[in-house]
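Visitor:
Given below as structure tokens:
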């Protein structure tokens with residue numbers, strides 16, 4: 001029983017790390033612009049699919065991963081420039097539909113480029129599982145955990161120790177005030193899109209050897225990342241990370257102990273319950289309405 | 292006078308099958324457009340007037356459809372009773388859900404409604420014993436109105452057209468009622484509405500239930516018309532599509548929602564010829580319309596025509 005629980009926990013933390021990275025991307029963009037980018041999951045898919053395509057084209061894996069991340073960052077910047085900037089200041093519903101439109105568009109492009117089949121990336125350091133008691137751990141899970149920890153630490157460092165990071169944070173508190181003290185708000189917005197596209201792509205590349213990838217792979221990952229960001233209190237980057245891990249572990253426990261078919265329902269039920277009791281997420285700011 | 296647009300629309304809907312009796316775009320696409328219009332008009336009450344987003348409206352559509360499907364095929368219930376049960380179930384769930392869910396705002400509300408829609412969809416796929424799972428339910432009987440069997444496209448067009456007109460008429464009247472005014476106040480500022488003595492929680496609950504009932508009714512009609520339902524028809528994509536219809540037409544306008552529903556249905560019927568490019572074009576169009584006409588297609592086109600007209604007049608005067 002203990003081994004089984006440990007196994008669920010390991011799987012949960014691995015998947016949760018991916019949700020955390022996607023959620024972090026949501027939080028970054030939300031901080032810079034109050035926009036929830038529903039194309040975040042497509043960044044994940046693009047990262048994975050581009051890496052797979054580049055590997056098939058003969059590039060070595062590390063180079064393919066880096067190139068795929070850069071390409072996805074470029075896509076993120078283009079998306080910001082041509083779909084988000086022209087609609088700056090539009091209502092919540094309008095921006096949601098624009099980013100959903102972008103997601104459908106990117107999925108359409110991916111389908112044309114790579115078809116509807118599932119593709120996979122070879123694991124970074126082999127498929128021989130590591131045994132811990134009765135439980136097993138894939139080497140790829142260690143990669144996911146390690147890189148996630150490093151990335152989260154980097155984002156933390158970026159926000160708390162660098163001037164650019166603090167400027168981005170300032171934008172999230174009050175955009176007008178940030179502009180008044182000389183922060184280039186538009187540049188910050190581009191930075192946020194670049195960063196979240198990069199984070200998404202890396203998450204996609206990390207998880208591709210475990211889950212396979214297809215043009216539709218970003219949909220569920222994007223929704224789970226959004227859930228992670230919401231559970232953590234949207235706009236709180238570390239909240240999103242915590243939310244992602246929590247969601248991943250609960251989902252894995254639910255799949256193992258209750259029913260694997262219902263695992264997505266369990267995850268969303270958890271999100272609903274959190275919102276019913278904490279309407280602004282577990283670690284969100286309490287908002288007071290201005291009249 | 293207030294309903295003049297309604298009468299013109301009703302006359303057009305009635306004339307179409309007389310002018311083009313065997314046209315695919317009138318009967319087959321028209322039926323689908325009519326159902327979408329009922330859904331969009333209902334959702335517009337919630338989104339356009341009360342200002343609450345829902346990314347899970349397909350769930351209520353599905354509840355109506357599955358109630359009809361399950362009760363008629365597995366338990367041989369008469370169609371009207373099954374439809375009524377579907378309405379009751381969807382209304383009850385909406386009522387239970389309304390208070391906790393409509394307390395949320397903005398993206399939190401989007402998340403909660405999306406999550407609700409996903410949960411219902413997972414149940415449709417997984418509860419195979421009842422719903423038939425991913426393969427869905429087949430053999431759902433046709434509607435039978437007092438011995439008049441609705442079994443061909445033209446008859447269905449008539450039934451759905453009448454249902455749609457009733458939905459539009461109800462919506463137009465609801466908006467101009469006391470409840471409608473309360474809702475618009477909530478949209479403007481919930482806090483100010485409370486100060487005026489409006490029970491905002493109750494107003495939002497009422498409109499949520501009404502819009503769920505519209506959706507469930509459309510769902511029942513859909514199930515009996517198609518004779519077959521599967522979870523695909525009630526997925527997140529469909530919820531997003533419905534929101535798009537409302538926004539595309541221009542929020543807070545009943546006819547805007549109807550126009551959005553018709554426009555998107557026609558778009559899908561038209562894009563089928565592009566096969567693999569359908570998704571790409573669909574996404575690009577969605578972005579373009581929202582970027583260039585954020586107030587919606589019909590307000591946008593209206594303004595465009597006016598500007599063009601002004602330019603033409605200007606040219607005439609100058610020339």
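Chains as they are written, first to last, in this note's numbering: chain A, 1 to 291; chain B, 292 to 610. Think of the CB as a built atom: it goes at the ideal place given N, C-alpha and C, for glycine as much as any other residue.
Could you tell me the distance, in whole angstroms, from the CA atom of residue 213 (chain A) to the CA atom of residue 313 (chain B)?
Guide: Locating residue 213 (chain A) in the first chain gives position 213, where the first residue counts as 1. Locating residue 313 (chain B) in the second chain gives position 22, where the first residue counts as 1. Approximately 45 Å, taken between the alpha carbons.
Visitor: Note down, in chain order, every chain B residue with its Cβ under 9 Å from the Cβ of residue 43 (chain A).
Guide: Working through the first chain from its first residue, we reach residue 43 (chain A) at position 43. Those do not exist, as residue 43 (chain A) stays about 15 Å from chain B at its closest Cβ, beyond 9 Å.
Visitor: Is there a C-beta anywhere in chain A that falls below 9 Å from the one on residue 398 (chain B)?
Guide: Along the second chain, read from residue 1 onward, the residue named residue 398 (chain B) stands at position 107. Judged by the 9 Å Cβ criterion, residue 398 (chain B) is in contact with chain A.
Visitor: Are the CB atoms of residue 509 (chain B) and residue 333 (chain B) within a distance shorter than 9 Å?
Guide: By 1-based counting over the second chain, the position of residue 333 (chain B) is 42. By 1-based counting over the second chain, the position of residue 509 (chain B) is 218. Yes.
Visitor: Got a sec, what are the start and stop residues for the beta strand (DSSP E) residue 439 (chain B) sits in?
Guide: Here residue 439 (chain B) corresponds to residue number 148 of the second chain, with the count starting at 1. From DSSP, the beta strand (DSSP E) with residue 439 (chain B) extends over 439-441.
Visitor: At a cut of 8 Å, does the segment 64-75 of chain A reach the segment 199-206 of chain A through at least three beta carbon pairs?
Guide: Yes, the segment 64-75 of chain A is in contact with the segment 199-206 of chain A.
Visitor: Could you tell me which residues DSSP pairs with residue 435 (chain B) in its beta bridges?
Guide: Within the second chain, the letter at position 144 stands for residue 435 (chain B). Paired residues: B:440.
Visitor: Under a three-way DSSP split, which group does residue 363 (chain B) fall into?
Guide: By one-based count along the second chain, residue 363 (chain B) stands at place 72. Of the three classes helix, strand and coil, the one that applies to residue 363 (chain B) here is helix, per DSSP.
Visitor: To the nearest whole angstrom, what separates the beta carbons of residue 41 (chain A) and residue 219 (chain A), a pair I think is in contact under 8 Å?
Guide: Here residue 41 (chain A) refers to the residue found at position 41 of the first chain. Here residue 219 (chain A) refers to the residue found at position 219 of the first chain. That pair is a contact at about 6 Å.
Visitor: For residue 523 (chain B), count neighbouring Cβ atoms within 10 angstroms of its own Cβ and tell me buried if that reaches 16, exposed if not.
Guide: On the second chain, residue 523 (chain B) is found 232 positions in, with the first residue counted as 1. Exposed is the call here.
Visitor: Is the Cβ of residue 571 (chain B) closer than 9 Å to any Cβ of chain A?
Guide: Your numbering for residue 571 (chain B) matches position 280 in the second chain. Chain A, which has a Cβ nearer than 9 Å to the Cβ of residue 571 (chain B), makes this yes.
Visitor: Mind checking who residue 520 (chain B) pairs with in its DSSP beta bridge?
Guide: Against the second chain, residue 520 (chain B) aligns to sequence position 229. Residue 520 (chain B) is bridged to B:428.
Visitor: Give the DSSP-derived three-state secondary structure of residue 11 (chain A) in the structure shown.
Guide: Mapped onto the first chain, residue 11 (chain A) falls at position 11. The answer is helix: DSSP assigns residue 11 (chain A) an H, G or I state.
Visitor: Would you tell me roughly how many angstroms separate the C-alpha atoms of residue 238 (chain B) and residue 557 (chain B), rounded to the nearest one?
Guide: Residue 238 (chain B) is absent from the model: chain B starts at 292 and stops at 610.
Visitor: Would you mind stating whether residue 422 (chain B) and residue 361 (chain B) have Cβ atoms separated by less than 9 Å?
Guide: Walking along the second chain from the start, residue 422 (chain B) turns up at place 131. Walking along the second chain from the start, residue 361 (chain B) turns up at place 70. Contact: yes.
Visitor: For the putative contact between residue 207 (chain A) and residue 144 (chain A), defined by C-beta atoms under 8 Å, what is the C-beta separation to the nearest angstrom?
Guide: Looking up residue 207 (chain A) in the first chain gives position 207. Looking up residue 144 (chain A) in the first chain gives position 144. Right, the Cβ-Cβ distance comes to about 7 Å (below 8 Å), so this counts as a contact.
Visitor: Give the secondary structure of residue 624 (chain B) by DSSP, where H, G and I count as helix, E and B as strand, and everything else as coil.
Guide: Since the first and last residues shown for chain B are 292 and 610, residue 624 (chain B) lies out of range.
Visitor: Rounded to the nearest angstrom, how far is the Cβ of residue 16 (chain A) from that of residue 232 (chain A), given a contact under 8 Å?
Guide: Mapped onto the first chain, residue 16 (chain A) falls at position 16. Mapped onto the first chain, residue 232 (chain A) falls at position 232. The pair is not a contact, with the Cβ atoms about 12 Å apart (cut-off 8 Å).
Visitor: In whole angstroms, what is the alpha-carbon distance linking residue 194 (chain A) and residue 188 (chain A)?
Guide: Here the question's residue 194 (chain A) lines up with position 194 in the first chain. Here the question's residue 188 (chain A) lines up with position 188 in the first chain. About 10 Å.
Visitor: Looking at chain A, which residues of the segment 394-426 of chain B have a Cβ within less than 8 Å of any of its Cβ atoms?
Guide: Those residues of the segment 394-426 of chain B that come within reach of chain A (Cβ to Cβ, closer than 8 Å) are 394, 395, 396, 397, 398, 399, 401, 402, 403, 405, 406, 407, 409, 410, 413, 414, 416 and 417.
Visitor: For residue 398 (chain B), name the three-state secondary structure that DSSP assigns.
Guide: For this step, residue 398 (chain B) is matched to residue 107 along the second chain. Helix.
Visitor: Quick one: what's got a C-beta closer than 6 Å to residue 217 (chain A)'s C-beta in the same chain, skipping five residues either side?
Guide: The residue labelled residue 217 (chain A) in the question sits at position 217 within the first chain. Correct list, in chain order: 45.
Visitor: I'd like to know if residue 227 (chain A) contacts chain B, where contact means its C-beta is closer than 9 Å to some C-beta of that chain.
Guide: In the first chain, residue 227 (chain A) corresponds to position 227, counting from 1. Residue 227 (chain A) counts as touching chain B.
Visitor: Just to confirm, does residue 73 (chain A) get its C-beta within under 8 Å of one of the non-hydrogen atoms of the ligand HEM?
Guide: Within the structure as shown, the ligand HEM is missing, as the structure has no ligands at all.
Visitor: Find the nearest neighbour of residue 545 (chain B) within the set B:309, B:311, B:592 and B:338, judged by alpha-carbon distance.
Guide: For the purposes of this step, residue 545 (chain B) is taken as residue 254 along the second chain, with counting starting at 1. Ranking the options by Cα distance to residue 545 (chain B), first place goes to B:338.
Visitor: What residue ranges within the segment 18-83 of chain A form continuous alpha helix (DSSP H) runs of no fewer than 4 residues, ordered along the chain?
Guide: List check, alpha helix (DSSP H) in window: 40-56 and 61-79.
Visitor: Taking all protein chains shown into account, decide if residue 589 (chain B) is buried (16 or more other Cβ within 10 angstroms of its Cβ) or exposed.
Guide: Taking the second chain and counting its residues from 1, the one referred to as residue 589 (chain B) is at position 298. Label assigned to residue 589 (chain B): buried.
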